[in-house]
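Scroll down for the structure; my scribbles are underneath it.
Here it is, written out as structure tokens:
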């Protein structure tokens, strides 16, 4: 029995929800040709600015545009208040958890999370034990993936505590929407998002190492132009007015990090790194890495450097750890979780495994360490053969999989080939934690452009939308 | 600023300038090849071979092609990815560098470079004779000028700007010297007197290549005379593509960097030396020494200056 799908606009004139009334009228009075024209303009704009994500080694155009859907998604002020309170609460707990597992390990001692799930986890970095970080913050920039299934019902699908990307699309989507539809935009009272990069710089500066007096030197570390999110790295560095560096631009001497400049060496205090843990320092992690900087970890341990996000923050966004987040919130904050988790079955536990294998046709199965929509099975959409093949993979290594019920993701009006039609969406807001915690009102809405599809990942045919949070 | 960023800016400007100058050279060559066939005598086609020498691509070209036919030369200089100095390679390299230093470029500069790169594939390589070639070469020149214009009009006057401009002027000086040197390499048919009809067309074409045909007449109010053209392209500071003008611009950029950084390097000395030699140079002496020898020496010195700039700032 398929649960009813919630459309955020409302599928008929009688049902149309308040926030969408103006948009609905506007859609009715705007001819399809105009929408098509605007969509082409948007694409030209993205190409010209070079807002692309790079996909190398698959043939075809290596620099692709993530399809942009021109119809904005709208959230009411009250809805956002609830979401943002939930996000702040959740990220506080995640940071407390990371600090704990690299410190006193109280949550493990209390027996709330099995110790081996944490200490034996691939993402756990023993190098971080006992290292003090500014304001006890580990995940300075977090992206929390959420879905909605009803007017009041939001679920967190996944936490991204390492190097979440997509915020540049949130900002550029707003830019382009204001450019394409100034009249529609002005009919609404939309909370601005443009101060995100100022907030980001504030956050990064607020966690500078102790020796820093005055403005710390902040840089963005990118793996380089071949990285799929390179545009975003350059965009953020640009908006913050800081240098965008690659590994070879930096070196470490006497536990201090320097960058090579036209005036000689310049000390670096805070690195917003978009390079994964494994590649950060070839002298500690992956020896073959050319993306990192040798000696970075020892500078970090010596307290001469802040890495954002902290090394080892990935322990909090592991899909197996995800199931414990509500417990973390209660344990560290003594609060009831505002945002719900999706009920999740850990295949590593024998009776859960049996349950999952029994109901593969109803469940979504994900690899614990997978991302980007790869390595996952959407049971109801898969063929019998696909499910059989996947079942064997699960049996071979059950601890590597979790399963969740297929949620009836909400839909939003989307401009596709057939015209304006409902398509499934998710939402990734971004939470900044430093001396204080900030959330910009908005986020990245991803939309599955194929009819009925639930996969919103850009690598699998998903697009993005501008997300409007209305002011009260 | 990051040394890598400065290096990238320097080379973006060099590659855009190079693309423009290759386009200018091809334009001249094509024009020369249109001269009435009688006047060129047995040596018809020599101008295409000379273009390869001038652009410094001769030996690599003959590794790939047997003969310097117009088709081969145009393809090699305009579109061949095997030639790192072809117009296509220059545009692609400049855009690749630009992508790596997006943050150091203004939006206008980026759009000029990215737009050029986006439009490039639309040009049909198989239709590059006659007006098709002219349209393409004009487009290249326009795009390069757009980039220069964006640079001058939108960039903050600080280190990043001066490194970009240094790339332009180092490359431009080199290229003007090479274009002028065409004369040496373009072998005249034996039976044609120097100073005859062909000679006139060749010198006039050089002026056209550097957009100096009208300027020359404004300044000298005389007909086409080789020593005046040499004076114009080497020693005339009012002529923005002349060697002395490039040397003066390079020196000014380096002085601004010294001012901002409070530090001088060997590159400042070399730049000063080149500039003062040109300041006190006389066209009679240049012809006495031999125009070709003089130009070869300049190209070498200019090259050395490029290395020194790199050593002072760009390798970090």
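Residue numbers (our numbering), protein chains in the order written: chain A, 8 to 479; chain B, 631 to 946.
Here a beta-carbon is modelled for each residue, glycine too, at the ideal position from N, C-alpha and C.
Nearest residue (CA-CA) to residue 321(A), options 153(A), 141(A), 167(A): 167(A)
Extent of the continuous alpha helix (DSSP H) to which residue 933(B) belongs: 921-939
Alpha carbons only, please: which of 918(B), 903(B), 894(B), 906(B) is nearest the one belonging to residue 941(B)? 894(B)
Cβ pair count under 8 Å reaching 3, the region 176-194 of chain A against the region 210-222 of chain A: no
Going by DSSP, which residues form a beta bridge with residue 266(A)? 257(A), 273(A)
Please identify, using Cβ separations under 7 Å, the residues of the region 220-252 of chain A that lie next to chain B, in order along the chain. 232, 241, 244, 245, 250, 251, 252
Roughly how many whole angstroms lie between the Cα atoms of residue 701(B) and residue 718(B)? 16 Å
Answer with buried or exposed for residue 193(A), where buried requires no fewer than 16 other C-beta atoms within 10 angstroms of its C-beta. exposed
Report yes if the CB atom of residue 200(A) is closer than 8 Å to the CB atom of residue 178(A), and no otherwise. yes
List the residues of chain B that residue 268(A) touches, going by C-beta distances under 7 Å, in chain order. 631, 632, 633, 946
Burial state of residue 686(B), where buried means 16 or more other Cβ atoms lie within 10 Å: exposed
Using a cut-off of 8 Å between C-beta atoms, extract the partners of residue 57(A) located in chain B. 729, 732, 740, 744
Kindly list the residues whose CB is nearer than 8 Å to the CB of residue 804(B), restricted to its own chain and excluding five residues on each side of it in sequence; keep chain order. 929, 932, 933
Segments of 4+ residues assigned as alpha helix (DSSP H) that fall wholly inside the region 700-782 of chain B: 700-704, 717-730, 737-749
Of all the options 426(A), 355(A), 255(A), which has the alpha carbon lying nearest to the alpha carbon of residue 402(A)? 355(A)
What residues from the region 780-809 of chain B come within 7 Å of chain A, judged by C-beta to C-beta, listed N to C? 789
Minimum C-alpha distance to residue 227(A) - residue among 300(A), 366(A), 280(A): 280(A)
Pairs of beta-carbons, one from the region 381-390 of chain A and one from the region 333-351 of chain A, closer than 8 Å: are there three or more? no
Inspect the beta-carbon positions of residue 269(A) and residue 636(B) and report whether they are closer than 8 Å. yes
Sequence-distant residues of its chain with Cβ nearer than 7 Å to residue 340(A) (five each side left out): 96, 99, 100
Report all residues from its chain with a CB closer than 7 Å to the CB of residue 196(A); omit the five preceding and five following residues, and keep chain order. 477, 478
Spatial neighbours of residue 452(A) within its chain, please: CB distance less than 6 Å, with the 5 preceding and 5 following residues excluded, ordered by chain position. 80, 432, 434, 472, 474
Between the CA atoms of residue 264(A) and residue 204(A) - distance to the nearest angstrom: 24 Å
Considering residue 156(A), what are the terminal residues of the beta strand (DSSP E) in which it resides? Premise fails: residue 156(A) is in no beta strand (DSSP E) and is neither H nor E.
Mind listing the chain B neighbours of residue 256(A)? Cutoff is C-beta to C-beta under 7 Å, in chain order. 632, 634
Residue burial classification, residue 357(A) (beta-carbon count within 10 angstroms, cutoff 16): exposed
What is the DSSP secondary structure of residue 658(B), counted as helix, strand or coil? helix
Only counting the same chain, and skipping five residues up and downstream in sequence, which positions put a Cβ closer than 7 Å to that of residue 262(A)? 305, 306, 309, 311
From the beta carbon of residue 943(B), is the nearest beta carbon of chain D less than 8 Å away? Among the protein chains in the structure shown, which are A and B, there is no chain D.
For residue 46(A), collect the residues of the same chain with a Cβ closer than 6 Å to its Cβ; drop the 5 residues on either side in sequence, then sort them by chain order. 77
Nearest CA to the CA of residue 334(A): which residue from 48(A), 57(A), 118(A)? 118(A)
Would you list, in chain order, the members of the region 171-190 of chain A that have their beta-carbon closer than 8 Å to a beta-carbon of chain B? none
Reduced DSSP secondary structure (H/G/I, E/B, other) of residue 246(A): helix
Per DSSP, which one or two residues make a beta bridge with residue 696(B)? Partner(s): none; residue 696(B) has no beta bridge.
In chain order, which alpha helix (DSSP H) runs of at least 4 residues are fully inside the region 273-346 of chain A? 284-287, 303-308, 326-329, 332-335
Measure the alpha-carbon distance for residue 757(B) versus residue 703(B) and round it to whole angstroms. 14 Å
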